[in-house]
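Reading through the structure tokens given below for one structure.
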Amino acid sequence: MEENKFYRFIGIAKKSGAVVSGDHMVEKELNRGTLRLVVVATDTSIRIRNKYERFCKELSIPMRIAGTKEVLGKAIGRDQAAVLGFKDKNQSENLIKLHENTIETGGVL
Numbered sequence: 026m027e028e029n030k031f032y033r034f035i036g037i038a039k040k041s042g043a044v045v046s047g048d049h050m051v052e053k054e055l056n057r058g059t060l061r062l063v064v065v066a067t068d069t070s071i072r073i074r075n076k077y078e079r080f081c082k083e084l085s086i087p088m089r090i091a092g093t094k095e096v097l098g099k100a101i102g103r104d105q106a107a108v109l110g111f112k113d114k115n116q117s118e119n120l121i122k123l124h125e126n127t128i129e130t131g132g133v134l
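Here this note's numbering is used: the first residue of the sequence shown is 26, the next is one more, and so on.
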């Protein structure tokens with residue numbers, strides 16, 4: 026299943042040290058200009074989602090909505106994660122492709 030590949034790849038990216046999690050850390054790294062992708066959980070508050078939509082649009086950084094806080098957290102070895110930021114360009118591009126492939130094949134993220 027494509028969605029499993031998506032979440033497994035998030036775990037790989039985390040192990041490489043190229044992922045930050047949590048509202049404060051992601052916002053901090055966005056301000057530093059180090060992020061190449063932001064992923065927001067489907068059950069994150071509308072206020073947080075809107076904040077990152079606005080931030081990412083202003084900075085021309087792709088943003089994807091996928092998984093619940095619990096699912097994203099599990100992918101990085103935590104209980105929950107509402108928002109993830111990815112620093113590595115190649116990993117970010119691969120995650121975007123996996124996300125798109127999952128959506129195109131009717132998978133649920």
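Every residue, glycine too, gets a C-beta built ideally from N, C-alpha and C.
Boundaries of the beta strand (DSSP E) in which residue i is found, first to last residue
i   : result
R74 : Careful: R74 lies outside any beta strand (DSSP E), inside the alpha helix (DSSP H) at 71-84.
L60 : Per DSSP, L60 belongs to no beta strand (DSSP E) and is neither H nor E.
Beta-carbon gap between residue i and residue j smaller than 8 Å
i   : j    : result
V64 : L109 : yes
K30 : R61  : no
T2  : G47  : Residue 2 lies beyond the range of the chain shown here (26 to 134); nothing can be said about it.
Cβ shell of residue i (< 7 Å), same chain only, five flanking positions each side left out
i    : result
D104 : G98
M146 : Beyond the ends of the chain as shown, which are 26 and 134, falls residue 146; an answer cannot be given.
L84  : L55
Range covered by the alpha helix (DSSP H) that runs through residue i
i    : result
S117 : 114-129
G110 : Counting along the chain, G110 falls outside any alpha helix (DSSP H), though it belongs to the beta strand (DSSP E) covering 108-111.
G98  : 94-100
Beta-carbon proximity list for residue i, same chain, < 6 Å, skipping 5 on both sides
i   : result
L55 : F80
K39 : I101
Residues of its chain near residue i, where Cβ-Cβ distance is below 8 Å and the 5 sequence neighbours each way are ignored
i    : result
M50  : G110
N119 : F34
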